[in-house]
Amino acid sequence: MPRLPRIQVTNCLYYIRSFGNLNQNIFMDKMDYKAYLELLGKYKQKYGFKLFSFALMPNQLDLLLELKEGSNISIVMHDLNSSYTKYFNSAYQRKGHLFRERFKSVVVEKEHYLLNLIEYIHVRPLALGMARGQSECIFTSSIFYLSENAAKGEADEGIRKIINMDNEIAEVQDLLKRKFPQKNTYADFIAGIIKEELKELSKTIEHSKVIGSERFIESVQRQIGERQSQIESRERKSALRPRFIFYLTIVLASSAAFALVFTKKAAQTVIVPQEKTGGETPVKTAKEVPVLTPPAGLDKTAWAVAIKPKAETEIPYPRLAKIVFNDGRVYSDYLLARGYAASNYSLTIQDDGTLLWETMQFNQKTQDRAFLRGEVSSQAMRGTIILRSKGREDATFYFNTFSLG
991 MPRLPRIQVT NCLYYIRSFG NLNQNIFMDK MDYKAYLELL GKYKQKYGFK LFSFALMPNQ
1051 LDLLLELKEG SNISIVMHDL NSSYTKYFNS AYQRKGHLFR ERFKSVVVEK EHYLLNLIEY
1111 IHVRPLALGM ARGQSECIFT SSIFYLSENA AKGEADEGIR KIINMDNEIA EVQDLLKRKF
1171 PQKNTYADFI AGIIKEELKE LSKTIEHSKV IGSERFIESV QRQIGERQSQ IESRERKSAL
1231 RPRFIFYLTI VLASSAAFAL VFTKKAAQTV IVPQEKTGGE TPVKTAKEVP VLTPPAGLDK
1291 TAWAVAIKPK AETEIPYPRL AKIVFNDGRV YSDYLLARGY AASNYSLTIQ DDGTLLWETM
1351 QFNQKTQDRA FLRGEVSSQA MRGTIILRSK GREDATFYFN TFSLG
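As structure tokens, this is what we get:
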């Protein structure tokens, strides 16, 4: 039986569970967890989804999201997990898939299940034997909801700086006051949850694609049917396309041949108005002018940059350095000298032509990581370098170009 298409439903939650490929670990140390949370925060801002709960465990992760209208859960998870895979593969000198190709997703009615789902995700590490107590569940969103108790600490503050859930927490608190006015805090609410309720919810999640009232389930099933009809309609239309494409190819080939002859004659020539002397009416004459085209991406470019720390630091740094892009990899003479390996980088071109790039470089000897992000606009580059070491606060440096090499 073919898998159901992933549908987009308004005013609902998406419970997401993603596993490591072949159940391998996707997080090796605390720095990996924080790297994933940084990416989660990045795409939360990019796609505008709400994040109500999360739990990161060695070989799997749980998320509870509410999408912004028009967003697509498959695109969100693809971008998030693909970016983390690039980080992980670079950090541990590996290749290939990190996550299973298809993540588990359950569409859930928000009003009736939000509160219980949040706590269900928080206790999963305990239920799976991956933590002995709530204090060991460092990389879950429980610290956002239980900030008034002993869970608040150095790890708590570190995660709060990485990702922001203030709006979601406020929404949950409002829901608590409305549905359970006798409960003063989220801690009071979870103290009253019966374990059997969470066990029953777990069984429902394992065997369902949609969870909610009969009316909600009927609405989702109707949308699935409409979506399936659209797919079948497109498939029927596509069966008529081959003959049309054959004739269209002939027409386009003929047009291209004509355009090629015409283009060769007019190459590098732009018509610009030239005034004649003697007060005569300006006439247009042919004049060759240089046609400026931006370079394709950043490959084969070198940039001289000035480096400045965000705050006082004991880490030595040069006042001037060079960043080089070559054959899909980025090199920094400053980081190479400190033992960091060159790395692949991702590149995004915005509508205004600005180039955004980012990468992570790894020091095999010290196990330290460097996160580089930059943007290029009007032949100038600026960005940040974040050096992350175990047992030390992140050191952030700004860089700006002063000339292009």
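Just so you know, we're using this note's numbering here: the sequence shown kicks off at 991 and counts up by one. All C-beta atoms in this analysis are idealised placements derived from N, C-alpha and C, irrespective of residue type, glycine included. As the structure is a computational prediction, the values presented were derived from the model and not from experiment.
Listed in chain order, the non-local C-beta contacts of I1183 below 8 Å within the same chain comprise N1106, E1109, local neighbours out to five positions each way being set aside.
With a beta-carbon spacing of about 6 Å, M1155 and L1041 fall inside the 8 Å limit used to define contacts. For T1349, the enclosing beta strand (DSSP E) stretches over residues 1345-1352.
Classified as exposed, S1203 has fewer than 16 neighbouring CB atoms from the shown chains inside 10 Å of its CB. When the five nearest sequence neighbours on each side are left out, the beta carbons in the same chain lying within less than 8 Å of the beta carbon of R1372 are those of G1364, E1365, Y1388, F1389, N1390, T1391, in order along the chain. Leaving aside the five residues that flank T1338 on each side, the residues in its chain whose CB is nearer than 7 Å to its CB run, in chain order, L1346.
With at least 16 other beta carbons inside 10 angstroms of its own, G1010 counts as buried. In this structure M1067 touches I1006 by the C-beta definition: roughly 7 Å separates them, less than 8 Å.
With the rule of 3 Cβ pairs closer than 8 Å, the stretch 1016-1034 counts as touching the stretch 1071-1091. Rounded to the nearest angstrom, the Cβ distance from Y1103 to L1003 is 7 Å, consistent with a contact under 8 Å.
Per DSSP, N1071 lies in no beta strand (DSSP E); the unbroken alpha helix (DSSP H) holding it starts and ends at 1063-1081. Look at K1040 here: in three-state DSSP terms it is strand. Secondary structure at L1337: strand, using DSSP grouped into helix, strand and coil. The three-state reading of DSSP puts M1021 in helix, counting H, G and I together. Beyond the five residues adjoining it in sequence on each side, F1044 comes within less than 6 Å, by CB distance, of L1053, S1131 in the same chain, given in chain order. Excluding the 5 residues flanking it on each side, H1112 has same chain C-beta neighbours closer than 6 Å at T1130, S1132, in chain order. Around I1180, the same chain offers E1109 as residues with beta carbons nearer than 7 Å, after the five sequence neighbours per side are excluded. In this model, E1101 and I1128 are separated by some 28 Å (Cα to Cα). As computed with DSSP, Y1330 is found in a beta bridge with N1353. Here P1308 is not near Y1330, since their CB atoms are 8 Å or more apart. Buried is the label assigned to I1063, since at least 16 other Cβ atoms lie within 10 Å of its Cβ. By the neighbour-count criterion, in which 16 or more other beta carbons inside 10 Å mark a residue as buried, T1349 falls on the buried side.
Between I1201 and V1320, the gap from beta carbon to beta carbon reaches 8 Å or more.
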